[in-house]
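**Q** Following my numbering, the numbering of the sequence shown begins with 34 at its first residue and continues without gaps. The structure is given below, and queries will be raised subsequently.
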Amino acid sequence: MAEMARVLVLLALLCATQTQAGPWPLGKGDVFLSFGANVAVTQDAEAPVHTDPSLYLEYGLTEKLTVGFTSFSSEAGEAISGYAFARYPVLPPLNDPLTVTIGAGLKYRFGDLAPDPRIQLGFSWCHGWDNAWATIVTNSTYSTTDQTTFHTLDATYGWRPTDNIATIFQL
Numbered sequence: 034m035a036e037m038a039r040v041l042v043l044l045a046l047l048c049a050t051q052t053q054a055g056p057w058p059l060g061k062g063d064v065f066l067s068f069g070a071n072v073a074v075t076q077d078a079e080a081p082v083h084t085d086p087s088l089y090l091e092y093g094l095t096e097k098l099t100v101g102f103t104s105f106s107s108e109a110g111e112a113i114s115g116y117a118f119a120r121y122p123v124l125p126p127l128n129d130p131l132t133v134t135i136g137a138g139l140k141y142r143f144g145d146l147a148p149d150p151r152i153q154l155g156f157s158w159c160h161g162w163d164n165a166w167a168t169i170v171t172n173s174t175y176s177t178t179d180q181t182t183f184h185t186l187d188a189t190y191g192w193r194p195t196d197n198i199a200t201i202f203q204l
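Here it is, written out as structure tokens:
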């Protein structure tokens, strides 16, 4: 099983390409699609303890307005969430934008009687260089069922030393 994990990581690295996904508005008609998974493995495990797959899709509705959808499982596969969102730059210039994201979605915990409707508000900043980029993405998500809010902050630095290799560091 460890060999299979190495092969999957190698394939992911070999397939890495330059993208414009993130806080940058996509061009009109442009599409970005990403699949991912968080895999939790204990030190003695021969197989993953659990995986939490994800799907992320963006579409450039206009030169400034990007719409999208994201879905992911969480809580060791005990819950699934899906959000539709719209992102728009609020401060120029477009090559270094501050964007606002508004979204709505559902979280469903297996075993619950009904899904939990949620709304999101986020702000993102990004900057690109010749072969690197940095982003800061904040989100606040409000659960209408629990009437609670939780906040996230992601900081990402990407570096592309060649056209065929990209590295991403994210906190």
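All C-beta atoms, glycine included, are put in the ideal place defined by N, C-alpha and C.
#1: Any contact between the segment 176-184 and the segment 131-150? By contact I mean 3 or more CB pairs, one from each, below 8 angstroms.
#2: By how many angstroms is the C-alpha of Trp192 removed from the C-alpha of His160?
#3: Look up Thr206 in the DSSP assignment and say whether it is helix, strand or coil.
#4: Pull up the CB-CB distance for Ser104 and Gly115, whole angstroms please, since I reckon it's below 8 angstroms.
#5: Where does Asp85 sit, in a helix, a strand or coil, going by DSSP?
#6: With respect to the beta strand (DSSP E) encompassing Gly138, which residues constitute its N-terminal and C-terminal limits?
#7: Quick check: the Cα distance between Thr168 and Thr134, rounded to an integer number of angstroms?
#8: Could you say which of Leu146, Leu154, Asp63 and Phe202 lies nearest to Ala117 if we only look at CA atoms?
#9: By the DSSP assignment, the beta strand (DSSP E) with Trp166 in it spans what residues?
#10: Tell whether a beta-carbon distance below 8 angstroms holds between Thr99 and Tyr92.
#11: With distance defined between alpha-carbon atoms, name the residue in Ala112, Val64 and Gln180 nearest to Gly144.
**A** On the basis of the coordinates in this document:
#1: By the C-beta criterion, the segment 176-184 is judged to be in contact with the segment 131-150, since at least 3 inter-stretch pairs fall below 8 angstroms.
#2: So the two alpha carbons sit approximately 12 angstroms from each other.
#3: In the structure as shown, the chain begins at 34 and stops at 204. Residue 206 is therefore absent and cannot be evaluated.
#4: The pair is a contact, with the Cβ atoms about 4 angstroms apart (cut-off 8 angstroms).
#5: Of the three classes helix, strand and coil, the one that applies to Asp85 here is strand, per DSSP.
#6: For Gly138, the enclosing beta strand (DSSP E) covers residues Leu131 to Arg142.
#7: Between the alpha carbons of Thr168 and Thr134 lies a distance of about 14 angstroms.
#8: It is Leu154.
#9: It spans Ala165 to Ser176 - the beta strand (DSSP E) in which Trp166 sits, taken as one unbroken run.
#10: With a cutoff of 8 angstroms on beta-carbon distance, Thr99 and Tyr92 are scored as near each other.
#11: The option with the nearest alpha carbon to Gly144 is Ala112.
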